[in-house]
Amino acid sequence: RVPEPVMELSSRNVVVMEYLPGETLLSYGLRKRRELEESSMLWRWCRGFFLLRELQAHLELLLAVQGYQIFVDGVFNGDPHP
């Protein structure tokens, strides 16, 4: 779901969006780490490798989107989410 703008709090230069609950990358990583610690050694190694790549992909996407918004669109998002 995409958050809707809150028009009564927005202006020409600032757009305020509604709050949508979600999970941060940090809490996601910690949750996955706990799951790994409870699993077998082989699965822990394999899943740890893929988890690291998955988190890296999320961070790369976040940086690419933020960079595009700032340098191409000329907009700054003060509350970035992938």
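Numbers in my numbering are just positions in the sequence shown, counted from 1, shifted up by 23. Beta carbons: idealized from backbone N, C-alpha and C, even for Gly. Here the structure is a predicted model, which is why all the values come from computation and not from measurement.
Between residue i and the rest of its own chain, which residues show a CB-CB distance below 7 Å, the 5 nearest in sequence each way excluded?
{"i": "Gly-52", "result": "Leu-78"}
Would residue i and residue j be called neighbours here (beta carbons separated by less than 9 Å)?
{"i": "Leu-48", "j": "His-81", "result": "yes"}
{"i": "Ser-62", "j": "Arg-54", "result": "no"}
{"i": "Arg-56", "j": "Leu-74", "result": "yes"}
Quick one: residues in its chain with C-beta nearer than 6 Å to the C-beta of residue i, no 5 flanking neighbours on either side, listed in chain order?
{"i": "Gln-92", "result": "Val-98, Asn-100"}
{"i": "Val-39", "result": "Val-29, Leu-32, Ser-33"}
Please list, in chain order, all residues of the same chain as residue i whose beta carbon is under 8 Å from its beta carbon, the five residues on each side excluded.
{"i": "Glu-27", "result": "Met-40, Glu-41"}
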